[in-house]
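Trainee:
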């Protein structure tokens, strides 16, 4: 066998795993992930549903549904605090409210939502609630944070394009415990049922909240 054929065969053997799972059809750039690697899904964080509709005029129905889904997820997955003062210390006076399911707990109000168009899955969109602090002395001041505590950059813009990994799009567990002041996004002694504090957001060195 000639050396050139040996090189080609070796290359084919090396890459056959990736080729086996590559999509057959070509998707519109930016709307689907392809190949074996997860380079991140394009998404945008909006402060309200109208901004989503303005950016995606042909996705009006999806923007509205994505917003409502984020509202429901916020009530289920937002961090909980034992006292209003603890919540205020992390998120600010105007960003905290009582837990509708447990009035002795407090939680940050949803400040925006993440939206991504999807070509696969049960829905044509993905969404999740987003939070930020308006308290200048908070370590989370004007930072977009997910319910898992991942940092997605500054909340100072009308819209914020981001990348999100497939793992970060998985359904989040319902919060059943409270966290301590400063336990959001850190490795402090948070008392929550959330994921490991070693989880990191795409392109960020910050840790997710929870213990």
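Numbering (UniProt numbering), first residue to last: 1 to 211. Idealized CB from N, CA, C, for every residue including glycine.
Can you check which of these residues, 63, 61 and 68, is closest to residue 110 by C-alpha distance?
Mentor: 68
Trainee: Quick one: using the 10 Å Cβ neighbour count with 16 as the cut-off for buried, is residue 71 buried or exposed?
Mentor: exposed
Trainee: Give a yes or no on whether the C-beta atoms belonging to residue 76 and residue 174 are separated by under 7 Å.
Mentor: Yes; because the gap between Cβ atoms is below 7 Å, this pair is in contact.
Trainee: Can you give the beta carbon distance from residue 41 to residue 164, rounded, assuming they're within the 8 Å contact cut?
Mentor: 5 Å
Trainee: With the cut-off set at 7 Å, would you say residue 66 and residue 147 are in Cβ contact?
Mentor: In this structure, residue 147 does not lie closer than 7 Å to residue 66 by Cβ.
Trainee: Where does residue 159 fall in DSSP's three states?
Mentor: strand
Trainee: Check whether the region 131-141 and the region 83-90 touch, using three or more Cβ-Cβ pairs below 8 Å as the test.
Mentor: yes
Trainee: Is the beta carbon of residue 95 sitting closer than 7 Å to the one on residue 45?
Mentor: no
Trainee: Could you give the distance in angstroms between the alpha-carbon of residue 57 and the alpha-carbon of residue 171?
Mentor: 27 Å
Trainee: According to DSSP, simplified to helix, strand and coil, what is residue 48?
Mentor: Coil.
Trainee: For the alpha helix (DSSP H) that contains residue 94, what are its first and last residues?
Mentor: From DSSP, residue 94 is part of no alpha helix (DSSP H); its letter is neither H nor E.
Trainee: Count the other CB atoms, across all protein chains shown, that sit within 10 Å of the CB of residue 150; report buried if there are 16 or more and exposed otherwise.
Mentor: buried
Trainee: Does residue 111 come out as helix, strand or coil in the three-state DSSP assignment?
Mentor: coil
Trainee: Reducing DSSP to helix, strand and coil, say where residue 78 ends up.
Mentor: DSSP places residue 78 in coil when its eight states are reduced to three.
Trainee: For residue 117, list the residues DSSP reports as bridge partners.
Mentor: 125
Trainee: Compute the beta-carbon to beta-carbon distance between residue 159 and residue 80, rounded to the nearest angstrom, for a pair I have assumed lies under 8 Å.
Mentor: About 29 Å separates the two Cβ atoms, so there is no contact after all.
Trainee: Quick check on residue 55: does DSSP put it in helix, strand or coil?
Mentor: helix
Trainee: For residue 93, count neighbouring Cβ atoms within 10 angstroms of its own Cβ and tell me buried if that reaches 16, exposed if not.
Mentor: Looking at its Cβ environment, which holds fewer than 16 other Cβ atoms inside 10 Å, residue 93 is exposed.
Trainee: Can you give me the C-alpha to C-alpha distance between residue 52 and residue 104, rounded to a whole angstrom?
Mentor: 34 Å
Trainee: Can you tell me which of 126, 127 and 153 puts its alpha carbon nearest to the alpha carbon of residue 139?
Mentor: 153
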